[in-house]
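Per this note's numbering, numbering through the sequence shown is continuous, rising by one, with the last residue being 407.
Note that CB positions come from ideal geometry on N, CA and C, so glycine has one too.
On a predicted model such as this, the values are computed, not experimentally measured, just so you know.
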Amino acid sequence: MDSRRHSSLGISAIAVHQPAWELENAWFGETMPRKFAHHTGIEARGISLDDELAMGMQAVRQLQRETGCNLADCRGIAFVSPSFIPPSVARRHLAADDVVRERPSHAADELARLLGMQRCRTVGLNWFCCGYSRAFSVVSRRWVPRLDLRRDEFVLVVVATRISRITDFACGQTAGLFGDMASATLVAPATSRRYPVHFEILHANAEKQATERPAFDFHVQQHVAIPTPNGGTLHAAERLVFSLDGMAIAELAPRAMSAATAKALAAAGLAGGDVNFVVPHQAGTGIVRFTGMKLDEYGVRGELINGLTRRTGNVSACSVPHALKQTWNRLGGLIACPTAAVGSPGRPEVLQGCILLRATPLHERQPTVAA
């Protein structure tokens, strides 16, 4: 029997790849603000020596080891990388061949090729810290009707962030914020028997909102200090790095995440009181705490997941899958996963998104099954 269902997808499993190298706060010395760890909760962050494509490969291989999933059943890969340099910046500063390599769509095609997946749809996205929610929106809204997934087929959402390669490690405001990580999420039809779903996707969206002024851009920095795995320092004559208005983001992000949650709940016909857990983008403990205060204004008082940045830093678009993986056994009922991010370089905008999940009866019955 050819069993198909287009209307309902869910998360069956998540795998995470973390770099072995952790850079401690002590490396930054006097350049790190005294209260940095207190405000952010970050004590160390992962630094990857592999590029984003290799990181994505390792996350998929980890998923195969943990679940035994057969890539012959995979019909699509959404590849997300918030550390790829946006086209408007890449064209100004990079050679033509390097510009091509900065395209997430190119990496998505390469990932499918390296995995030996011949009949696989691909899409590449950036969307910075909102990349995960944007990918889920693309998969659930655009792909499902076209792919006509069979019951035991699936798609992958692969995220690889290596913001360390565009970090100005001498900048007191941004140097210690971000860490590197990769994840692979297996998304299957709710009726799948081979890849049983633990969290059904009720809603997924990400969008841009205008702000008063830009909070993010890129520039070429001279004489950049770069950490080495042995605790030392190299110096690059110049480096293309990002710049971030941290104070502006600290104010914008909680408002954006709470507004995105309220909008998602309204679109799904749900109320704030229906939410059992909030698993927000882990930008840092302070921002998540303020997000909880803003969510309270919308009547969202589910348990707030916070404090997962201590040994990872802000892992951007990987933070929600990492948080879901870390709290997998605890989660139940309705789960809201809001995200917020900077907009395009130099533009007065912020990105916001939210994924709404509901734990399936399988998950509720088997709370100790790991992702």
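Under the three-state reduction of DSSP, residue 91 is assigned to helix. DSSP lists 275 as the beta-bridge partner residues of residue 257.
The segment 282-365 contains, as complete alpha helix (DSSP H) runs of 4+ residues, the segments 282-303, 321-333 and 355-362 (chain order). The criterion of a C-beta distance shorter than 7 Å is satisfied by residue 160 and residue 140. Short of 8 Å from the beta carbon of residue 266, and not among the five residues preceding or following it, lies no beta carbon of its own chain. Residue 162 sits in coil when the DSSP states are folded into three classes, being neither helix nor strand.
Annotated three-state conformation of residue 173 is helix, per DSSP. The DSSP-derived three-state label of residue 245 is strand.
Looking from the CA of residue 236, the closest CA among 398, 211 and 402 belongs to 398. Of the residues 190, 151 and 210, the one whose Cα lies closest to the Cα of residue 278 is 210. The segment 293-303 makes contact with the segment 372-381; the number of CB pairs closer than 8 Å reaches 3 or more. Within its own chain, the residues whose Cβ lies closer than 6 Å to the Cβ of residue 230, once the five positions on either side in sequence are excluded, are 188, listed in chain order. For residue 140, there is no enclosing beta strand (DSSP E); the enclosing alpha helix (DSSP H) covers residues 140-150. Non-local beta-carbon contacts of residue 272 in its own chain, meaning distances under 7 Å to residues more than five positions away in sequence, involve 260 and 262 in chain order. For residue 225, the enclosing beta strand (DSSP E) starts and ends at 217-225. Per DSSP, the continuous beta strand (DSSP E) segment holding residue 53 begins and ends at 45-53.
Taken through DSSP and simplified to helix, strand or coil, residue 396 comes out as coil.
The bridge partners DSSP lists for residue 120 come to none. Cα atoms of residue 364 and residue 46: separation of roughly 14 Å, rounded to the nearest angstrom. The residue among 401, 186 and 286 with its C-alpha nearest the C-alpha of residue 76 is 286. The shortest CA-to-CA distance from residue 215 to any of 85, 186, 306 and 155 is the one to 85. Considering only 83, 60 and 82, the residue with the shortest C-alpha distance to residue 72 is 60.
Taking the Cβ atoms as the reference, residue 158 lies roughly 24 Å from residue 202, outside the contact range of under 8 Å. In summary, residue 124 is exposed, with fewer than 16 beta-carbon neighbours lying within 10 Å of its beta-carbon over all protein chains present.
Only buried fits residue 318, as 16 or more other CB atoms lie within 10 angstroms of its CB. Excluding residues up to 5 positions away in sequence, 118, 164, 165, 197, 199 and 214 lie with their Cβ nearer than 7 Å to the Cβ of residue 352 in the same chain. It is roughly 22 Å from the alpha-carbon of residue 144 to the alpha-carbon of residue 186. Residue 190 and residue 224 have their C-alpha atoms spaced approximately 4 Å apart. Its chain contains 75, 76, 77, 78, 213, 345 and 350 as the residues whose beta carbon lies nearer than 8 Å to that of residue 320, once the 5 sequence neighbours on both sides are disregarded; these appear in chain order. Counting along the chain, residue 72 sits inside the alpha helix (DSSP H) bounded by residues 72-76. Between the C-alpha atoms of residue 128 and residue 337 there is a straight-line separation of about 46 Å.
Under the DSSP assignment, residue 384 falls outside any beta strand (DSSP E); it carries neither an H nor an E label.
Between the segment 302-317 and the segment 89-108 there are fewer than three inter-stretch CB-CB distances shorter than 8 Å, so the stretches are not counted as touching. Between the alpha carbons of residue 176 and residue 240 lies a distance of about 7 Å. A distance below 6 Å between beta-carbons, with the five flanking residues on each side excluded, links residue 288 to the following residues of its chain, in chain order: 386. Taken atom to atom, the span from the alpha-carbon of residue 355 to that of residue 155 is near 29 Å.
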